[in-house]
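Participant:
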Amino acid sequence: MHHHNPIEPSATTASWDGRTLTLHESTQGISRSQAAVAAALGIPPADVVVLSPFVGGGFGAKGPVWPHTVLTAAVARELRRPVKLVLSRAQTYTSNGHRAAAHQRVVLGATRDGRLTAIEHVTTQQVSRTDETLFNSSESTYLLYAVPNMRIAQQVVRLDLPTQSFMRSPEAIASHGLECALDELATELGLDPLDVRLRNYAEVDPGTGAPFGSKELRECYRRGAETFGWAGRDPRPGSMTDGDLLIGWGMATAGHTAGDRPGSGARLTLDVDGTVLVQCGTHDIGTGTYTVMSQIAAQSLGVPLDAVRFELGDTRFPAADPAGASATVPSVGSAVNRAARSAREALIEVAVADPGSPLHAVPADRVQAADGQLFVTDDPGRRIDVRSLMAQHGRPLVITSEPAPAPPGFSTGAVFVEVSVDPRLGRVRVRRIVGVYDPGTVLNFRTARSQAIGGAVWAVGFTLTEHTVLDRNLVRVVNPNLSTYLLPVNADIPDVEIDFIDVPDAHAADALGARGFGETPMTGVTAAIANAIHHATGRRIRDLPITQDACCCDPSCWSRWRRCRSRAQ
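Everything in the sequence shown is counted per this note's numbering, starting at 2 for the first residue and increasing by one.
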């Protein structure tokens, strides 16, 4: 079991002005909060205003609507004064959901040359007595590899535990099981784990046979292996050393689905001074939404980035999908792009219809917009400044894009990891992580890289340190604090080298070819760490977190280590 542990715990401030309730809420879904609170209090949703311009960390903990939000609003109404509630760290362990424990059974069938003939992937996961919600998606299992026979099943076990909720890359659990199993298969067959994945590469969707909008995973494998130096790996467990330490190299495929949401709307206002205001009821949970949405609006409208201001986190803006499931770029990005394109088309119509404009009577399809200018494609000397055009027009231009379904996407990548293991203590250190990813168009390399590094950090915790301990008699969390729930810190994180294959996805044209990517980087890294530990120690450890006692080396690795040490001396 895992808990989210954002630095900023959940908080709510509620104030009433007559019949109108204003909630300042740390949430990943203001529209969801608005609807739930209104229903609980028996008031119209229009009488509830939810504000959340800055969320801080969320990781899924702030996705659902929790009881403390409704209770704060109810108490504020009863007391006729504003009320603020902030959960303590310990309260977040019982009031914000968690990632439930799961057991996976993975069966692989393959030919001697490593071509998969069958996969059976059965997950059994704990749920509460009152809910059957599952967040251990196995979608990546049937999307990653070309396998003719596949069975995927999910089972539940009802326990007297709280209900689980969204948490950091739900597909990471299933991905870990599959990618570790593939590494075991490669070891049994005496094959390179990378070669096994390449031999089973899916050129089309294995389930439907439909082509992908783009898929550059093969290039991710090639570039990642070259950057990491994978060709220099000795496949024998325990064969690589550095002084008294055993060295292990492991790799895995990253993959996570995204999008497939009802869709979001956005409102764009182009003022008479040429400035642009874009508003949407979405969120920024640290992923760079303010920046990326401003970029999309500027690029699609053809104005400088510094002319655009993006506002979010207000239910008075057009509604948006919650910030989760890697859906913000395909959902909100598409809405912003549609609004900006419509505004650009409206601008061009005004310019070509104005007798005083240099573009008068020019066919609209011959006019382009860039850098705050409208100009004729084949006669760029004929141009007009957007600011001048709007000043002549004399009134703001307001465009609202209606919600449209966000297309599903599947972002992938290749991850390579180096670990060291002290054979005397079983202590593991991750020394290098190389990740190369295919998210479609990379809208902002800096924010995408930051997200990928964050995913790697969470993966280190997922694999090596994080574990919620329950008292089995009282069902209480024994370690509800940051001193005993062990999150990775700076000293635990190595150099993380990130690269991207920047190729637009044809199925994501509304989002400028970008797929959802936020949750992909946590997948792959967890299995690559576990596979590297096997390569170092000869032990195949299937329980997480991987603890020091589990990393005591296989006897054959001990003997190799002793021989290497004696030669060094």
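Ideal Cβ placement from N, Cα and C applies to all residues, glycine included. For clarity, every value in this text was computed on a predicted model and none was experimentally measured.
(1) Skipping 5 residues on each side, what residues in its chain have a beta carbon closer than 6 angstroms to that of alanine 15?
(2) Roughly how many angstroms lie between the CA atoms of proline 406 and leucine 513, to the nearest whole one?
(3) Hey, arginine 433 and aspartate 496: beta-carbon distance below 7 angstroms or not?
(4) Kindly indicate which three-state DSSP category glycine 395 falls into: helix, strand or coil?
(5) Please name the residue or residues paired with glutamate 419 in a DSSP beta bridge.
(6) Ordered along the chain, which non-local residues of its own chain (more than five positions away) have a Cβ less than 6 angstroms from that of asparagine 532?
(7) Can you find the residues in the same chain that come closer than 8 angstroms, C-beta to C-beta, to proline 163, ignoring five residues on each side of it along the sequence?
(8) Buried or exposed: where does arginine 262 fall if 16 or more other Cβ atoms within 10 Å of its Cβ makes it buried?
(9) Can you find a heavy atom of the ligand ZN that lies under 6 angstroms from the Cβ of glutamate 498?
(10) Is there a C-beta anywhere in chain B that falls below 7 angstroms from the one on proline 207?
(11) What distance in whole Å lies between the Cβ atoms of phenylalanine 417 and valine 435, which are believed to be in contact at a cut-off of 8 angstroms?
(12) When DSSP labels each residue in this structure, what does tryptophan 231 get in the three-state scheme?
(13) In chain order, what residues of the same chain have a beta carbon less than 7 angstroms from the beta carbon of aspartate 161, not counting five sequence neighbours either side?
(14) Which same chain residues, not among the five before or five after isoleucine 31, have their C-beta less than 6 angstroms away from its C-beta?
(15) Relative to the C-alpha of phenylalanine 463, which candidate in Ser265, Pro194 and Ala175 has its C-alpha closest?
(16) Can you name the start and end residues of the beta strand (DSSP E) that leucine 117 belongs to?
(17) For proline 331 and alanine 509, which I take to be in contact (beta-carbon distance under 8 angstroms), what is that distance rounded to the nearest angstrom?
(18) Would you call the region 321-328 and the region 272-280 touching, i.e. three or more CB-CB distances under 8 angstroms?
(19) Taking the DSSP output, what are the residues bridged to lysine 85?
(20) Quick one: what's got a C-beta closer than 6 angstroms to alanine 203's C-beta in the same chain, skipping five residues either side?
(21) Go ahead and pull the three-state DSSP assignment for tyrosine 202.
(22) Can you tell me whether asparagine 445 is helix, strand or coil according to DSSP?
(23) In whole angstroms, what is the alpha-carbon distance linking leucine 186 and leucine 302?
(24) Can you tell me whether alanine 324 is helix, strand or coil according to DSSP?
(25) For proline 522, which three-state DSSP category applies?
(26) Between Ser484, Val437, Trp459 and Leu471, which lies nearest to glutamate 227 when the distance is taken from Cα to Cα?
(27) Whole angstroms is fine: what's the gap from methionine 2's alpha carbon to histidine 468's?
(28) Can you tell me whether DSSP reads threonine 28 as helix, strand or coil?
(29) Assuming the contact rule is C-beta atoms closer than 8 angstroms, threonine 448 and valine 293 should be a hit. Round their C-beta distance to whole Å, please.
(30) Go through its chain and collect everything with a Cβ distance to threonine 378's Cβ below 6 angstroms, but skip five positions before and after it.
(31) Counting C-beta neighbours from all protein chains within 10 Å, is the total for aspartate 285 16 or more, i.e. buried, or is it exposed?
(32) Express the C-alpha separation of aspartate 245 and leucine 117 in angstroms, rounding to a whole number.
(33) Report buried or exposed for threonine 112, applying the criterion of at least 16 other Cβ atoms within 10 angstroms of its Cβ.
(34) Could you tell me the alpha carbon to alpha carbon distance between glycine 256 and proline 356, rounded to whole angstroms?
(35) Tell me which residue opens and which closes the beta strand (DSSP E) that arginine 425 is part of.
(36) Going by DSSP, what residue range makes up the alpha helix (DSSP H) through alanine 154?
Facilitator: Reading off the structure:
(1) Within the sequence shown, the letter at position 14 stands for residue 15. If we look at alanine 15 and ignore the five residues flanking it on each side, its Cβ neighbours are Leu24, Thr73, Ala74, Ala77 and Val84.
(2) Residue mapping note: residue 406 aligns to position 405 of the sequence shown, counting from 1. Residue mapping note: residue 513 aligns to position 512 of the sequence shown, counting from 1. Rounded to the nearest angstrom, the two C-alpha atoms are 15 angstroms apart.
(3) Here residue 433 is taken as the residue at index 432 of the sequence shown, counted from 1. Here residue 496 is taken as the residue at index 495 of the sequence shown, counted from 1. Yes, the pair counts as a contact, with Cβ atoms nearer than the cut-off.
(4) On the sequence shown, position 394 is the one that residue 395 refers to. Three-state result, glycine 395: coil.
(5) Translated into positions along the sequence shown, residue 419 becomes position 418. The partner list for glutamate 419 (beta bridge, DSSP) reads Trp250 and Arg433.
(6) As a position in the sequence shown, residue 532 is number 531, starting the count at 1. The answer, listed in chain order, is Asp184 and Gly251.
(7) For the purposes of this step, residue 163 is taken as residue 162 along the sequence shown, with counting starting at 1. Closer than 8 angstroms at Cβ, skipping near neighbours: Thr95, Gly98, His99 and Ser129.
(8) Locating residue 262 in the sequence shown gives position 261, where the first residue counts as 1. Under this definition arginine 262 is a buried residue.
(9) This structure lacks the ligand ZN; in fact it carries no ligand of any kind.
(10) Protein chain content of the structure displayed is limited to a single chain, and chain B is not contained in it.
(11) For this step, residue 435 is matched to residue 434 along the sequence shown. For this step, residue 417 is matched to residue 416 along the sequence shown. The Cβ separation is near 4 angstroms, so the contact holds.
(12) On the sequence shown, residue 231 is found 230 positions in, with the first residue counted as 1. Helix.
(13) Mapped onto the sequence shown, residue 161 falls at position 160. Around aspartate 161: Arg130 and Val476.
(14) Position 30 of the sequence shown, counting from 1, holds the residue named residue 31. Excluding sequence neighbours, isoleucine 31 sits near Val51, Ser53, Gly282 and Thr316.
(15) Your numbering for residue 463 matches position 462 in the sequence shown. Ranking the options by Cα distance to phenylalanine 463, first place goes to Ala175.
(16) Sequence index remark: in the sequence shown, residue 117 carries index 116 (1-based). Taken as a continuous stretch (DSSP letters only), the beta strand (DSSP E) holding leucine 117 covers 117-128.
(17) In the sequence shown, residue 331 corresponds to position 330, counting from 1. In the sequence shown, residue 509 corresponds to position 508, counting from 1. Yes, they are in contact, since the Cβ atoms of proline 331 and alanine 509 sit about 6 angstroms apart, within 8 angstroms.
(18) no
(19) Locating residue 85 in the sequence shown gives position 84, counting from the first residue. Answer by DSSP bridge pairing, in chain order: Thr14.
(20) In the sequence shown, residue 203 corresponds to position 202, counting from 1. Answer for alanine 203: Tyr146 and Ala147, listed in chain order.
(21) Counted from its first residue, the sequence shown places residue 202 at position 201. Tyrosine 202: strand per DSSP, three-state reduction.
(22) The residue labelled residue 445 in the question sits at position 444 within the sequence shown. Asparagine 445: coil per DSSP, three-state reduction.
(23) Here residue 186 refers to the residue found at position 185 of the sequence shown. Here residue 302 refers to the residue found at position 301 of the sequence shown. Looking at the two C-alpha atoms, the distance is approximately 51 angstroms.
(24) In the sequence shown, the residue the question calls residue 324 occupies position 323. In this structure, alanine 324 counts as coil in the three-state DSSP scheme.
(25) In the sequence shown, counting from the first residue as 1, residue 522 sits at position 521. Of the three classes helix, strand and coil, the one that applies to proline 522 here is helix, per DSSP.
(26) As a working mapping, residue 227 is identified with position 226 in the sequence shown. Out of Ser484, Val437, Trp459 and Leu471, Val437 has the C-alpha closest to the C-alpha of glutamate 227.
(27) Residue 2 sits at position 1 when you count from the first residue of the sequence shown. Residue 468 sits at position 467 when you count from the first residue of the sequence shown. Cα to Cα, the separation comes out at about 6 angstroms.
(28) Within the sequence shown, residue 28 is the residue found at index 27, counting from 1. Threonine 28 falls in the coil class under three-state DSSP.
(29) Residue mapping note: residue 448 aligns to position 447 of the sequence shown, counting from 1. Residue mapping note: residue 293 aligns to position 292 of the sequence shown, counting from 1. Yes, threonine 448 and valine 293 are in contact; Cβ-Cβ is about 6 angstroms, under 8 angstroms.
(30) Indexing the sequence shown from 1 puts residue 378 at position 377. Once the five neighbours on either side are set aside, the close Cβ partners of threonine 378 are Arg367 and Gln369.
(31) Reading the sequence shown from its first residue, position 284 is the one you call residue 285. Classification for aspartate 285: buried.
(32) Position 116 of the sequence shown, counted from the first residue, corresponds to residue 117. Position 244 of the sequence shown, counted from the first residue, corresponds to residue 245. In a straight line, the C-alpha of leucine 117 is about 38 angstroms away from that of aspartate 245.
(33) Taking the first residue of the sequence shown as 1, we reach residue 112 at position 111. Under this definition threonine 112 is an exposed residue.
(34) Your numbering for residue 256 matches position 255 in the sequence shown. Your numbering for residue 356 matches position 355 in the sequence shown. Roughly 54 angstroms between the two C-alpha positions.
(35) Working through the sequence shown from its first residue, we reach residue 425 at position 424. No beta strand (DSSP E) holds arginine 425; DSSP gives it neither H nor E.
(36) Counting from one through the sequence shown, the residue named residue 154 turns up at place 153. First-last for alanine 154: 150-159, but that is the beta strand (DSSP E), not the alpha helix (DSSP H).
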